[in-house]
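Only one structure is covered here, and it is reproduced in the block below.
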Amino acid sequence: MKLRILTVPLLLVLPLTAAEKPATANPVATAMPLFRWENFTTANGLPDNHVFAVLVDRDRVWAGTENGLALYEHGSWKVFTPADGLAHRVVLSLALDKRTGDLWVGTMAGLSRISAGRIDTYTQLNSGLSNDVVYGVGVQDEFVWTATAAGASRLNTRTGEWSLYNERNTPMEEIWTYGVSVGPDKVYLAVWGSGVLEYTIATGRWKNYTDPDGENEIVLFKDQGLIHKITTSVSYVDKTLWAATYFGDSHYDGRTWHNFMAKDSGLPSDFTNQVRGLDASRAWFCTDKGLAYYDGVNWAVYRPALDTSKPEMYIRDADGKITPVSVETAPAHNYVLGIDFQGDDVWVATAKGLSHGIRQR
Amino acid sequence: MRRGLGIALACAAAAVALAFLSASLPHVQASAPDSDEQYLSPSEMAFSSDGRLLYVVCERSDQLLVLRAKEGTVLHRIHVGHIPRTVAVSPDGRQVFVSNSWDDTVSVIDTATMSVTRKILTGAEPYGVVVDRTGKTLYVANRITSDVSVIDIATGIERKRLLAGHGASYLTISADGTRVYCTHVYPRIGEQRSVPQSEVTVIDTAREAVVERIPLAGVAGMFHVAVSTDGRLGVIAQMRPKNLVPLAHVEHGWVFGHSLTVFGADAGGTIEVPMDELEHYYSLQYGVAIAPDKSRIFVTASGSDVVTVIDTKRLLAFAHSHRKPFVNDLSASANYVLMRIAVGKNPRGATLSPDGKRLYVANRMDDTLSVIDTLNNKLVATLDLGGPKDISPLRHGEQIFTTSRFAFQGQFSCANCHIDSTFDGLTWDLEPDGFGVDIVDNRLIEDLSGTEPFKWNGGNPSLTVECGPRTEKYFYRSQSYSEKELTHLVLYILNLPLRPNRFRPSNGQLTEAQERGKAIFNRKVNKFGKPIPEGNQCSYCHSGPKYTSQLQFDVGTGKWTDRSPIFDTPQLVNVALTAPYLHDESARSLEEIWTVYNPHDRHGMSSDLTKDELNDLIEYLRTL
């Protein structure tokens, strides 16, 4: 689905009157992160411009592309393909086991583990993996969770046991799982068509969160639950759940929900591919109309302008006031699929390259 | 208690087996085997930091012996866990760690009291153990789980597991403490009939992470790894199996090459060095020690009962003068082997005294230590550790199993293919039936009683035939066993116990998934209520206590390389340990038996199973 959407022409109209006023005097604007963007494409070593996932491991950057897994290290790219043992050339998701340094790679045809250069691959034929299309992957101690096109799987790397989670043993109405986020006490699954599933590690029990508006494509009860059940991404941090859908995004602190839509927030679009929470109040949103940052009050959006493709950044403050920021660079494309962090810098996966946002002071 | 019962059962089984053998071999005058509980089987050693004490691990007696090194007198006999394998001493000398391979623990010994103070849990079947230079972290290589446990010594908590090679077994730590090196005994599970691949796993102790995997093509079966005190030279004892060519004519080629891998800055990369000679082989090299001044390398050949002394300078000069690999050049070793020193039976671990003047060698089948003066390269003492002087039939059988003296030119022993009496993870082209015909997997030999006939085609009615005429004719092509030797060898094999199953819950209760899998294994109707023909029921062919009907069937797994598609039903005990699977190792995992190699439901009805249900079935199989 994601792949097909990538090819949809982007016929969007910027809801702002762009770059009307420089924002140099705006204290909100100066407080929001400003980046100089360096973009990587096939012209400078990336194996493909369609980048579905990005992961930072200290000074190394991994990019999952449509034509291999790329590693940026010491200023150059190295590419891993099925010829090296990778499950498939189309890399959809990445997760790092921070304890061991092993990288887990979700692809269109299986799950690969890269450990100090060695690649082991798990598929639905040679292992207990539920399905070869691995949209999401996450590491919980010795367990590796995968969100696949046929439910979720959990591999116990110590015993080799696979546990499958689907409509038979969870409240999963659809089995198209799209994302997974692992925290110290809970694991969350983004289920395309079935909202968000919560797994409590201590009890092994499941709970689901879905849209109180049911099948309606309009929001009747905002902030009463998940914004929509077509969820694409989850991010669990500081006991707070951030959820992305194709119809807006949600924030849940365990007691109350708060939802974000383009019409009443700084989101540039309701169509969100990935959300990454930094803590309980701050998050990054990867949408089809640009990259957005939310600091708990204000929003910043980074992208090539939708009409002119010129670099664009703007701020939306708590009062809804839009303030353009004069910038000379922007992410490679406004269709953003993933983000990861390297200190104050960000790395962004887009439909036309990988972008390195170098924080400016 | 459990061990006593095990021994009693083993003796009873041995008596039954002997009766069977006596019936099949009327000329053999066999007596009931003695209990071999008293045998020690010393295998590995470590010195105290001051060099006064020598710690000796005894596999058979479940003991750690503490010797006064100078005199060789045994000061303490400390009972540790079951089947201990290796030993390490903390940098301050206050603690000694012994891996217990059947208990999945490490015994911690307080050297002040010379007693076990606690046991630390590890992965499955721990072998190698080293302590880092801070004395705070323990690294343990786990053979079954193929990984390395990183354990906080103070709390006994395992912090993480690091992925290592298949059958991870032996560890060493560099003198500066920055790197841990791990070898493994089984080749990586890869494409069928491909060149065996192994690796040296290099762990950065600061990060507690694997930072390098040194690839070794053509190598299967690595044992000790040693690193010189300056960290510039690493040495590994290993085998190079020739399993991709027919074994039928041993005298025309060879079955195993026995070699070393040298690596590091001195080697300028990774170089494989042959240890055999044109007319004689030095099989199953196991222990490695490098002199403190790096002048010599000492290597035990556990199947040939010798220690090989290598001139390091000549070795490196020879290696550097050859641009092309010379590991298959059997004339090469004459350029760097200084001498071969005869020691006891089945020499395993080799340890230098801290001053480098004495090399101690553990003779596993003699219950002795050989002491070599490294200045003159002479055997100066043999230390008797106090094992029984009488050799029981079982012990004799094990001695025959581990020696290569029966094979043409001493090429190999049973233990080459059955590493530590298990298997080797390889396929072989054994029979004189043409090149590439009847490729067969090497099967596990534990708990064999009641699983006959043998061979994948079921062609051998008994182990006496399997180990006797067949081995002599097709494998060794040299010296025949005497009737007594054959009887004792078969007795030993038939009494090889089954290792504990690591996948069965310790409380005896199967998990929900395992219970569901058991129901699938035993089912007689498919999911739609239709009867499954007997021959397509798992439990029909895999019946009885060992999960074999001892009959042969065509389950659709035959290949064009097989003369017949009919195969013996293999036993399933400890089946989880023996990947890859099927008669020719074409299935790399249990899953592939059904997802790839059972398109017509002939190898059990499986096409109606969901992925969840197949996973359940496999979870159950892993408990058998």
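If you read the sequences in order, they're chains B and Z. Per my numbering, the very first residue in the first sequence carries number 14; after that it's consecutive. Per my numbering, the very first residue in the second sequence carries number 17; after that it's consecutive. By construction, the Cβ of each residue, glycine as well, lies at the ideal position given by its N, Cα and C atoms. The structure presented is a predicted model; accordingly, all values stated were derived computationally and were not measured.
Check: Going by other Cβ atoms of all chains shown within 10 Å of its Cβ, with 16 needed for buried, is Z:D389 buried or exposed?
Finding: exposed
Next item on the list: Give a yes or no on whether the C-beta atoms belonging to B:R112 and Z:E224 are separated by under 9 Å.
Entry: yes
Check: Which class does B:L116 belong to by DSSP, given the choice of helix, strand or coil?
Finding: strand
Check: Roughly how many whole angstroms lie between the Cα atoms of Z:G139 and Z:L178?
Finding: 11 Å
Margin query: Short of 6 Å in beta carbon distance, which residues of its chain neighbour Z:I609, apart from the five on each side in sequence? Order them along the chain.
Written below: Y597 and A603
Notebook entry, point to check: Any beta-carbon of chain B closer than 9 Å to the one on Z:L625?
Noted result: no
Checklist line | B:G238 and B:Y222 closer than 9 Å at C-beta | finding: yes
Notebook entry, point to check: What is the rounded straight-line gap between the Cα of Z:A46 and the Cα of Z:S210?
Noted result: Low local confidence applies: a pLDDT of 34 at Z:A46 is under 50, so the model's placement there is unreliable, with the coordinate-based value given in what follows. Those two C-alpha atoms are separated by around 44 Å.
Next item on the list: Have a look at the DSSP bridge pairing and note the partners of Z:Q111.
Entry: Z:D126
Margin query: My output table needs one value for Z:Q301: the three-state DSSP class, helix, strand or coil.
Written below: strand
Next item on the list: Tell me whether the beta-carbon of Z:N458 lies closer than 9 Å to the beta-carbon of Z:T443.
Entry: yes
Check: Under three-state DSSP, which class holds Z:I609?
Finding: helix
Check: Which class does B:P40 belong to by DSSP, given the choice of helix, strand or coil?
Finding: helix
Next item on the list: Less than 8 Å between the CB atoms is what I'm expecting for Z:A253 and Z:L232, so what's the real figure, rounded?
Entry: Rounded, the Cβ-Cβ distance is 12 Å, inconsistent with contact.
Item checked: Minimum C-alpha distance to Z:G172 - residue among Z:T150, Z:R134 and Z:G144 -> Z:R134
Check: Would you say B:Q153 reaches chain Z, if we count a Cβ-Cβ gap shorter than 9 Å as a contact?
Finding: no
Notebook entry, point to check: Between Z:S605 and chain B, is there a C-beta pair that is closer than 9 Å?
Noted result: yes
Check: Is Z:F537 near Z:L633, with beta carbons less than 9 Å apart?
Finding: yes
Margin query: Considering Cα atoms alone, identify which of B:L367, B:A275, B:W50 and B:T253 is closest to B:G290.
Written below: B:T253
Checklist line | Contact residues within the segment 330-358 of chain Z, judged by C-beta distance below 7 Å to chain B | finding: none
Notebook entry, point to check: Based on Cα-Cα distance, which residue from B:D330, B:W205, B:A215 and B:P184 lies nearest to B:D198?
Noted result: B:A215
Notebook entry, point to check: Rounded to a whole number of angstroms, what is the C-alpha to C-alpha distance between B:D72 and B:Q355?
Noted result: 8 Å
Margin query: Between the segment 287-296 of chain Z and the segment 375-382 of chain Z, can you find at least three pairs of beta-carbon atoms closer than 8 Å?
Written below: no
Check: Between B:D251 and B:V193, what straight-line distance do the alpha-carbon atoms span, to the nearest angstrom?
Finding: 16 Å
Next item on the list: Output yes if chain Z places a C-beta closer than 9 Å to the C-beta of B:S125; else output no.
Entry: no
Notebook entry, point to check: What's the C-alpha gap between Z:I548 and B:T300?
Noted result: 53 Å
Next item on the list: Give the straight-line distance between the Cα atoms of Z:G524 and B:Y249, rounded to the nearest whole angstrom.
Entry: 37 Å
Item checked: Length of the line joining the Cα atoms of B:D292 and Z:S559 -> 57 Å
Check: What in chain B is Cβ-close to Z:V227, meaning under 7 Å?
Finding: A129
Notebook entry, point to check: Would Z:E224 count as contacting chain B if we go by Cβ distances under 9 Å?
Noted result: yes
Check: Closer than 9 Å, CB to CB, is B:R112 near chain Z or not?
Finding: yes
Notebook entry, point to check: How would you label Z:P142, buried or exposed, when you count the other beta carbons within 10 angstroms and need 16 or more for buried?
Noted result: buried
Next item on the list: Measure the C-alpha to C-alpha separation of B:P35 and B:M45 and round it to an integer number of angstroms.
Entry: With a pLDDT of 44 at B:P35, under the threshold of 50, the modelled position of that residue is not reliable, and the figure given next carries that caveat. In a straight line, the C-alpha of B:P35 is about 14 Å away from that of B:M45.
Item checked: Burial state of Z:S498, where buried means 16 or more other Cβ atoms lie within 10 Å -> exposed
Margin query: Going by DSSP in three states, Z:Y636 sits in which element: helix, strand or coil?
Written below: helix
Next item on the list: Go ahead and pull the three-state DSSP assignment for Z:G206.
Entry: coil
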